[in-house]
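Numbering (this note's numbering), first residue to last: 13 to 181. Even glycine gets a Cβ: it sits at the ideal position worked out from N, Cα and C. So the structure is just underneath, and the comments pick up after that.
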């Protein structure tokens, strides 16, 4: 990121995009279930990175900053979507619902449903920790919470997932 910020090095930006775009796409796809919207949000994330590159604090790590931008865009996506009127489902006009392409196995679909039942704050922490493999300190920066709060959210979220997936208290 330093090379990109200091010299607007085009190859440095491309390297950042190559390194993080597929991870962001997977994160958005898990949250949205829509490949096209996920690709759009990846593009918007990197557009924001480009626009805010001079505001980036080079003494900090890039990945938490990137995920903070991505999470804010995801929230905005859900807000915009919430303001749009819903279309009534018509099985004849729309056909049968299909399985989301991101969750291809029954286990993946089960985990996706269980994650969907968690509060957003717990779900965000688990997605960043489990899928994105961010350390808790980086997650705390990304979600704007203390390290201990993030650990509590993770513990509660994993505990709830265990109950949902195993069916045992």
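Next on the checklist: Starting from residue 33, trace the alpha helix (DSSP H) in both directions and tell me its first and last residue.
Outcome noted: Going by DSSP, residue 33 is part of the alpha helix (DSSP H) stretching over 22-44.
Next on the checklist: Quick check on the burial criterion: 16 or more other C-beta atoms within 10 angstroms. Buried or exposed for residue 136?
Outcome noted: Result: buried.
Item to check | Inter-residue CB distance, residue 126 and residue 173 (contact presumed, cutoff 8 Å) | outcome: 5 Å
Checklist entry - Given a threshold of 16 other Cβ atoms within 10 Å of its Cβ, counted over all protein chains shown, does residue 118 qualify as buried or as exposed? => result Its Cβ having fewer than 16 others within 10 Å, residue 118 is exposed.
Next on the checklist: My assumption, with CB atoms under 8 Å, is that residue 70 sits in contact with residue 17. Please give the rounded CB distance.
Outcome noted: That pair is a contact at about 6 Å.
Next on the checklist: Since residue 78 and residue 61 should fall inside the 8 Å C-beta cutoff, what is the C-beta to C-beta distance between them, to a whole number of angstroms?
Outcome noted: That belief holds up - the Cβ atoms of residue 78 and residue 61 are roughly 7 Å apart, short of 8 Å.
Checklist entry - Helix, strand or coil: which one does DSSP assign to residue 157? => result coil
Next on the checklist: How far does the alpha helix (DSSP H) with residue 62 in it extend, from its first residue to its last?
Outcome noted: 47-63
Item to check | Close Cβ partners of residue 29 (< 7 Å) along its chain, the five nearest in sequence each way excluded | outcome: 58
Item to check | Own chain partners of residue 150 with C-beta closer than 7 Å, once the 5 adjacent residues on each side are dropped | outcome: In its chain, beyond the 5 residues on either side, 73, 75 and 76 have a beta carbon closer than 7 Å to the beta carbon of residue 150.
Checklist entry - How would you call residue 31, buried or exposed, if buried means at least 16 neighbouring beta carbons within 10 angstroms? => result Exposed: under 16 other Cβ atoms inside 10 Å.
Checklist entry - Could you check where the alpha helix (DSSP H) with residue 179 kicks off and where it finishes? => result Premise fails: residue 179 is in no alpha helix (DSSP H) and is neither H nor E.
Next on the checklist: Considering only heavy atoms of the ligand PLP, does any lie closer than 7 Å to the CB of residue 143?
Outcome noted: In the structure on display, the ligand PLP does not appear, and there are no ligands present to speak of.
Checklist entry - Mind checking residue 182: buried by the 16 CB within 10 Å criterion, or exposed? => result Coverage of the chain is limited to positions 13 through 181, which leaves residue 182 absent and any answer about it impossible.
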